[in-house]
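*Asks:* Numbering (our numbering), first residue to last: 995 to 1247.
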Amino acid sequence: MTTGRIAGVAAAVWLAFGWWMYTRFPGVAVWQVGAISGAVALQLPPFLAVRAAGADASPARRWIGWWALAFFVADVAQLLISERVGSNLMFILLTGPIEDGCLLWAYSYWQLRPVLRLSFRVSIPLLAIASIGLALYAGEAGDFQAVSGPFRLLIMTAAIAFTLVSRAVNETGRIWQRDWMWVSLGTMLYYAAYVVVNPISKALMDQSVELAQLVYVVKAVVDMAAFLMVWKGVRCPVETSSQSTSLPFSRSS
């Protein structure tokens, strides 16, 4: 599938999903519907690009693709739950560790030392247990994750930033052609911006539901830029072993 076709699929999903939201949530402004549906639609191109690459896609890129697909499925499900049930906050709490796990596993392939690779993989269940446990302790299971959310998101942001810096300082080639650079910029933008969303939304909810919703709309605009950068990353030239700054690992390890 070419880049043009992937863009066409994303545009079709954007329009179809936007029309569905417009008919199901009549009180939401058109531009807000466009921002939210656009953010959801742009989660598909990274996955489609990785699938199109087939066997040429590195393990890290394949897991980035699964991460993007997990976001797409989760966000569609969240909107369906919101439309039919009302609150989707419990669902968000449960799907967050799945998304984080996919990304941390992808980033484990970009670590420069075996111990770091192992650390990223071991941190997946530990972060899931800690974030869900903190949410239950703070009474946030069915509420905005104003405590457990920032805790989880800051750890993810730190893991991404660590990888970006450690790879960048050891890079000998053109950094702008590296998948880890673009993916890190996009994912770091996503997680860093998300840190403040739940606390601010929870604080605004008692004052104005519209303002609380607007926070998520603004975040959707940021998400569009973030996933465009991730898409750019998975389309970068494949890094050969002679270009790699990492220690020798097998391709599938």
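No residue lacks a Cβ here, since even glycine has one placed at the ideal position from N, Cα and C.
In this text the structure is predicted, and so the values were computed from the model without any measurement.
Entirely within the stretch 1088-1171 and at least 4 residues each: give me those alpha helix (DSSP H) ranges in chain order.
*Replies:* Unbroken alpha helix (DSSP H) stretches of 4 residues or longer found wholly inside the stretch 1088-1171: 1108-1131 and 1142-1164, given in chain order.
*Asks:* Specify the secondary structure class of E1077 as computed by DSSP and reduced to three states.
*Replies:* Stepping through the sequence shown from its first residue, residue 1077 is reached at position 83. Helix at E1077.
*Asks:* Could you check the C-alpha separation between R999 and G1127 for me, to the nearest Å?
*Replies:* Counted from its first residue, the sequence shown places residue 999 at position 5. Counted from its first residue, the sequence shown places residue 1127 at position 133. Computed Cα separation, rounded: 43 Å.
*Asks:* Which residue from R1172, R1018 and D1050 puts its Cα closest to that of K1226?
*Replies:* Residue numbering aside, residue 1226 sits at position 232 when the sequence shown is read from its first letter. It is R1172.
*Asks:* Just to confirm my understanding: we take I1092, look at its own chain, exclude 5 residues before and 5 after, and list those with CB closer than 6 Å. What are they?
*Replies:* Here residue 1092 refers to the residue found at position 98 of the sequence shown. Closer than 6 Å at Cβ, skipping near neighbours: A1064.
*Asks:* With respect to the alpha helix (DSSP H) encompassing V1022, which residues constitute its N-terminal and C-terminal limits?
*Replies:* Against the sequence shown, residue 1022 aligns to sequence position 28. Per DSSP, V1022 belongs to no alpha helix (DSSP H) and is neither H nor E.
*Asks:* Any idea what DSSP makes of G998, helix, strand or coil?
*Replies:* Walking along the sequence shown from the start, residue 998 turns up at place 4. Residue state, collapsed to three classes: helix.
*Asks:* What is the DSSP secondary structure of Q1072, reduced to helix, strand or coil?
*Replies:* Within the sequence shown, the letter at position 78 stands for residue 1072. In the displayed model, Q1072 falls within a helix according to three-state DSSP.
*Asks:* Can you list, in chain order, the stretches of the alpha helix (DSSP H) that have 4 or more residues and sit fully within the stretch 1189-1227?
*Replies:* 1191-1199
*Asks:* Using the Cβ count rule (16 or more neighbours within 10 Å means buried), how would you classify M995?
*Replies:* Locating residue 995 in the sequence shown gives position 1, where the first residue counts as 1. Exposed, by the Cβ-count rule.
*Asks:* Is S1031 helix, strand or coil by DSSP?
*Replies:* For the purposes of this step, residue 1031 is taken as residue 37 along the sequence shown, with counting starting at 1. S1031 falls in the helix class under three-state DSSP.
*Asks:* Cutting at 6 Å between CB atoms, please list the residues of its own chain near T1166, excluding the five before and the five after it.
*Replies:* Within the sequence shown, numbered from 1, the residue matching residue 1166 stands at position 172. Excluding sequence neighbours, T1166 sits near nothing in its chain.
*Asks:* Could you name the residues of the same chain whose beta carbon sits closer than 8 Å to that of D1069, not counting the 5 residues immediately before and after it, in chain order?
*Replies:* Translated into positions along the sequence shown, residue 1069 becomes position 75. Within the same chain, D1069 has close Cβ partners A1033, V1034 and Q1037.
*Asks:* What do you reckon, are the CB atoms on G1012 and V1022 nearer than 8 Å?
*Replies:* Within the sequence shown, the letter at position 18 stands for residue 1012. Within the sequence shown, the letter at position 28 stands for residue 1022. Their beta carbons are not under 8 Å apart, which means G1012 does not touch V1022 by this criterion.
*Asks:* Please look up how many angstroms separate the CB atoms of V1189 and L1147, rounded, as I've assumed it's under 8 Å.
*Replies:* Position 195 of the sequence shown, counted from the start, is the residue given in the question as residue 1189. Position 153 of the sequence shown, counted from the start, is the residue given in the question as residue 1147. Their Cβ separation, rounded to whole angstroms, is 5 Å, which keeps V1189 and L1147 in contact under 8 Å.
*Asks:* If the criterion is Cβ atoms closer than 8 Å, does the pair W1099 and R1161 meet it?
*Replies:* Here residue 1099 is taken as the residue at index 105 of the sequence shown, counted from 1. Here residue 1161 is taken as the residue at index 167 of the sequence shown, counted from 1. No, they are not a contact pair.
*Asks:* Nearest to R1055 by CA position, among L1042, A1206 and V1003, is which residue?
*Replies:* As a first step, residue 1055 is located in the sequence shown; it is residue number 61 there, counting from the start. Looking at the Cα atoms, L1042 is the closest of the given residues.
*Asks:* Cβ atoms of V1224 and P1040: under 8 Å apart, would you say?
*Replies:* For the purposes of this step, residue 1040 is taken as the residue at position 46 of the sequence shown. For the purposes of this step, residue 1224 is taken as the residue at position 230 of the sequence shown. For P1040 and V1224, yes; Cβs fall inside 8 Å.
*Asks:* Can G1090 and S1125 be called in contact, C-beta distance under 8 Å?
*Replies:* Stepping through the sequence shown from its first residue, residue 1090 is reached at position 96. Stepping through the sequence shown from its first residue, residue 1125 is reached at position 131. Yes.
*Asks:* Please return the same chain residues whose Cβ sits closer than 6 Å to the Cβ of A1046, not counting the five positions on each side in sequence.
*Replies:* Along the sequence shown, one-based indexing puts residue 1046 at 52. Cβ neighbours of A1046 beyond the five flanking positions: M995.
*Asks:* Keeping to the same chain, check which residues put their C-beta closer than 8 Å to that of S1052; ignore five residues upstream and five downstream.
*Replies:* For the purposes of this step, residue 1052 is identified with residue 58 of the sequence shown, where counting begins at 1. Once the five neighbours on either side are set aside, the close Cβ partners of S1052 are Y1103, D1173, V1232, E1233 and R1245.
*Asks:* With distance defined between alpha-carbon atoms, name the residue in R1229, L1222 and A1187 nearest to V1211.
*Replies:* Translated into positions along the sequence shown, residue 1211 becomes position 217. Comparing Cα-Cα distances from V1211 to each of R1229, L1222 and A1187, the minimum goes to A1187.
*Asks:* Which class does R1229 belong to by DSSP, given the choice of helix, strand or coil?
*Replies:* Residue mapping note: residue 1229 aligns to position 235 of the sequence shown, counting from 1. Three-state result, R1229: coil.
*Asks:* Can you give me the Cβ contacts of Y1184 inside the same chain, cut-off strictly under 8 Å, excluding the 5 residues immediately before and after it?
*Replies:* Taking the sequence shown and counting its residues from 1, the one referred to as residue 1184 is at position 190. The answer, listed in chain order, is V1216, D1217, A1220 and F1221.
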